[in-house]
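Colleague:
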Amino acid sequence: MDSLKKRISFINVDLTSGGCEREISNLVHHFKGKFHLIVVLFYNEVSYILPSETKFKFLGKGKRVNNYIKLLQIPILAYRYAKYCKSEKIDVSISYVYRANYVNLLSKILFGNSSKIIVNEQNHTLTQYPDSSLNSLINRFLIKALYKYADVIRPNSKLIAYDLIKHFGIPKRLITPIYNPLAVDFINNQLKKEILFSYNGFNFITVARLHHQKNPDLLIKAFHDAFLDIQNVNLLILGEGPLKEEILSLIKDLGLETRVHLLGFINNPFAFMQRCDSFVLSSNYEGFPNSLLEALACGLPSVSTDCPSGPREMLAPLTDYTKLLTEEIEEAEFGILVPANSVKLLSMAMLNIFNNEELRNSYKEKSKLRALDFDVSVFDKQFLDLL
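The sequence shown runs -16 to 370 under my numbering.
1. What runs of the beta strand (DSSP E), each 3 residues or longer, lie entirely inside the region 244 to 310?
2. From which residue to which residue does the beta strand (DSSP E) around Phe(-7) run?
3. Measuring alpha carbon to alpha carbon, tell me which of Ile73, Tyr81, Val75 ends up nearest Lys53.
4. Looking at C-beta atoms only, is the number of pairs between the region 59 to 70 and the region 227 to 234 that lie closer than 8 Å three or more?
5. Contact defined as beta carbons within less than 8 Å: I believe Ile77 pairs with Ile(-9). What is the distance between those atoms, to the nearest angstrom?
6. Would you call the region 174 to 181 and the region 148 to 165 in contact, with 3 or more CB pairs under 8 Å?
7. Alpha carbon to alpha carbon, how far is Glu228 from Asp373? Give it in angstroms, no decimals.
8. So who's on the other strand from Thr189, going by DSSP bridges?
9. Exposed or buried, which one is Pro291 when buried takes at least 16 other CB atoms within 10 Å?
10. Please report the distance separating the alpha-carbon of Leu88 from that of Ile100.
11. Leaving aside the five residues before and after Phe25 along the sequence, list all residues of the same chain whose C-beta is less than 7 Å from its C-beta, in chain order.
12. Going straight from the alpha carbon of Ile249 to that of Leu221, what length do you get?
13. What's the C-alpha gap between Phe357 and Ser0?
14. Classify Thr288 as buried or exposed, calling it buried when 16 or more other Cβ atoms lie within 10 Å of its own Cβ.
15. Count the CB pairs spanning the region 103 to 112 and the region 142 to 160 that are closer than 8 Å, and state whether there are at least three.
16. Identify whether Arg242 lies in helix, strand or coil by the three-state DSSP scheme.
17. For Ser170, count the other beta carbons within 10 Å of its own beta carbon; 16 or more makes it buried, fewer makes it exposed. Which is it?
18. Looking at the C-beta of Glu71, does it have a partner C-beta in chain B at a distance below 9 Å?
19. With respect to the beta strand (DSSP E) encompassing Ser78, which residues constitute its N-terminal and C-terminal limits?
20. In angstroms with no decimal places, state the Cα-to-Cα distance between Val190 and Leu264.
21. Between Leu20 and the rest of its own chain, which residues show a CB-CB distance below 6 Å, the 5 nearest in sequence each way excluded?
22. For the beta strand (DSSP E) that Asn122 lies in, which residues bound it at each end?
23. I'd like the list of long-range same chain contacts for Asp260, defined as Cβ closer than 6 Å, with 5 residues on each side in sequence excluded.
24. What is the C-beta distance between Arg279 and Ser350, in whole angstroms, given that I count them as a contact (C-beta under 8 Å)?
25. To the nearest angstrom, how far is the alpha carbon of Ala354 from that of Phe317?
26. Which residue from Leu298, Gly282, Ala254, Phe255 puts its Cα closest to that of Pro272?
27. Roughly how many angstroms separate the alpha carbons of Pro322 and Phe18, rounded to a whole number?
28. Let's test the definition: count the other Cβ atoms within 10 Å of the Cβ of Lys38 and tell me whether it reaches 16, buried, or not, exposed.
29. I'd like the span of the beta strand (DSSP E) that includes Ile203, first residue to last.
30. Determine whether the beta carbon atoms of Lys197 and Asn267 lie at a separation below 9 Å.
31. Within 10 angstroms of the Cβ of Ile319, are there 16 or more other Cβ atoms? Answer buried if so, exposed if not.
32. Got a sec, what are the start and stop residues for the alpha helix (DSSP H) Leu352 sits in?
So, in structure tokens, the structure goes:
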């Protein structure tokens, strides 16, 4: 009977902090025992704790390299991956992030990988690759050239699905949009755990990679403008990333060393979120941000940029998902939306949630209910249909 279980491979660059990585972790925990699950990574970098029986395969050798060498490595990794899938008799190969998607697809196109190929599209491509730089042109070309060979493309928002069809010519029949699954029971268990939390007063929190996509500069500048002269208000930032030194310099330049706290990667961000008063997402673009979803599960009132894509579908589900704010704040059904990259309006929204206890309490009540719409139990049937 055991031999009849589907053999599923999740392929990604690494398993450090990030939304895709969190989803892989959630799925491996949720589906352990139901399938033979293998996590295939380019690099032996794992931050999430997975079940002890989880099998790993590392395709890459050596240290990380620059973007153009990464590009040249893709066919080599695709060859290794195709060979591995054949040897392990992988039934379904599920990839995340662009480079892993290219490897997954080329393992089929060039090297005969016969696994069912499922490609996850987890970011808003037009915003991530908007210009005529070589990097943008290469990635837009590869998406148009390769994605049509997938068996299924799974965008994690309706807006991403819309854009793949409209701007990249991907056949609609290949696309099955499915929102990210949320491990509500796991989060509730994590909320019960004791942590050392020493931040008194009103606390804003964000959980994000320190990367231009997440625009931490915007959040810190908005916090400065709103609360420099208001005492006992803090901003906690959970996450690591390439902008860490720049962010530390900005915090120092703005005189916020005792108010803005970089806490790094934390295995249990949920217990931190629960002890805070409001969550803030300041991203330039997303797919369907897990951190915002998890904030809802923790019962946090949330403020988010109305970036493409995800926050609007999450916080204002009855509105037009192609709409993006440009000049005003929107008190949506499940949180506050503000235009992307506006220090002034994000600052105003944070002051609004700080000053309006009635609004905060309303969002607290609604947040946990909204989170249940994305519970992994709801995802079960969609995932099985995908397979």
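Virtual Cβ for every residue (Gly too), placed ideally from N, Cα, C.
Modeller: In this structure, then:
1. Qualifying beta strand (DSSP E) stretches, in chain order: 261 to 264, 285 to 288.
2. The residue given as residue -7 occupies position 10 in the sequence shown. Note, Phe(-7): beta strand (DSSP E), -10 to -5.
3. By one-based count along the sequence shown, residue 53 stands at place 70. Among Ile73, Tyr81, Val75, the Cα nearest to that of Lys53 is on Tyr81.
4. Touching, no, given that fewer than three Cβ pairs across the two stretches are closer than 8 Å.
5. Numbered from its first residue, the sequence shown carries residue 77 at position 94. Numbered from its first residue, the sequence shown carries residue -9 at position 8. About 7 Å separates the two Cβ atoms, so the contact holds.
6. Counting C-beta pairs with one atom in each stretch, the region 174 to 181 and the region 148 to 165 have fewer than three that are closer than 8 Å, which means they do not touch.
7. As shown, the chain starts at -16 and ends at 370. That puts residue 373 outside it, with no answer to give.
8. Residue mapping note: residue 189 aligns to position 206 of the sequence shown, counting from 1. Thr189 is bridged to Ile220.
9. By 1-based counting over the sequence shown, the position of residue 291 is 308. Answer is buried; the Cβ neighbour count reaches 16.
10. Position 105 of the sequence shown, counted from the start, is the residue given in the question as residue 88. Position 117 of the sequence shown, counted from the start, is the residue given in the question as residue 100. Straight-line Cα distance between these residues: approximately 7 Å.
11. Here residue 25 refers to the residue found at position 42 when the sequence shown is read from its first residue. Closer than 7 Å at the Cβ level, and outside the excluded window around Phe25, lie Val(-4), Asp(-3), Leu42, Gly43, Leu60.
12. The sequence position of residue 249 within the sequence shown is 266, counting from 1. The sequence position of residue 221 within the sequence shown is 238, counting from 1. Ile249 and Leu221 have their alpha carbons spaced roughly 7 Å apart.
13. In the sequence shown, residue 357 corresponds to position 374, counting from 1. In the sequence shown, residue 0 corresponds to position 17, counting from 1. Distance between the alpha carbons of Phe357 and Ser0 is about 21 Å.
14. For the purposes of this step, residue 288 is taken as residue 305 along the sequence shown, with counting starting at 1. Classification of Thr288: buried, given that the 10 Å Cβ count is 16 or more.
15. Short answer: they touch.
16. Along the sequence shown, read from residue 1 onward, the residue named residue 242 stands at position 259. Of the three classes helix, strand and coil, the one that applies to Arg242 here is coil, per DSSP.
17. For the purposes of this step, residue 170 is identified with residue 187 of the sequence shown, where counting begins at 1. Going by the sequence as given, residue 170 is Ile instead of Ser. By the C-beta density criterion, Ile170 is buried, having at least 16 other C-beta atoms within 10 angstroms.
18. In the displayed structure, chain B is absent; only one protein chain is listed.
19. Start at 1 with the first residue of the sequence shown, and residue 78 comes out as number 95. For Ser78, the enclosing beta strand (DSSP E) begins and ends at 75 to 78.
20. Here residue 190 is taken as the residue at index 207 of the sequence shown, counted from 1. Here residue 264 is taken as the residue at index 281 of the sequence shown, counted from 1. Spanning the alpha carbons of Val190 and Leu264 requires a straight line of approximately 8 Å.
21. Translated into positions along the sequence shown, residue 20 becomes position 37. Contacts found: Ile(-9), Val11.
22. On the sequence shown, position 139 is the one that residue 122 refers to. Per DSSP, Asn122 belongs to no beta strand (DSSP E); it is in the alpha helix (DSSP H), 117 to 129.
23. In the sequence shown, the residue the question calls residue 260 occupies position 277. Cβ neighbours of Asp260 beyond the five flanking positions: Phe185, Asn186.
24. Walking along the sequence shown from the start, residue 279 turns up at place 296. Walking along the sequence shown from the start, residue 350 turns up at place 367. Before going further, note that residue 279 is Leu rather than Arg in the sequence given. About 4 Å separates the two Cβ atoms, so the contact holds.
25. As a first step, residue 354 is located in the sequence shown; it is residue number 371 there, counting from the start. As a first step, residue 317 is located in the sequence shown; it is residue number 334 there, counting from the start. Rounded to the nearest whole angstrom, the CA to CA distance from Ala354 to Phe317 is 10 Å.
26. Residue mapping note: residue 272 aligns to position 289 of the sequence shown, counting from 1. Comparing Cα-Cα distances from Pro272 to each of Leu298, Gly282, Ala254, Phe255, the minimum goes to Leu298.
27. Taking the first residue of the sequence shown as position 1, residue 322 is located at position 339. Taking the first residue of the sequence shown as position 1, residue 18 is located at position 35. The straight-line gap from Cα to Cα measures roughly 42 Å.
28. Residue numbering aside, residue 38 sits at position 55 when the sequence shown is read from its first letter. Flag for Lys38 reads exposed.
29. Indexing the sequence shown from 1 puts residue 203 at position 220. Per DSSP, Ile203 belongs to no beta strand (DSSP E); it is in the alpha helix (DSSP H), 199 to 210.
30. As a first step, residue 197 is located in the sequence shown; it is residue number 214 there, counting from the start. As a first step, residue 267 is located in the sequence shown; it is residue number 284 there, counting from the start. Yes.
31. Numbered from its first residue, the sequence shown carries residue 319 at position 336. Buried: at least 16 other Cβ atoms inside 10 Å.
32. The sequence position of residue 352 within the sequence shown is 369, counting from 1. Here the alpha helix (DSSP H) through Leu352 covers 340 to 355.
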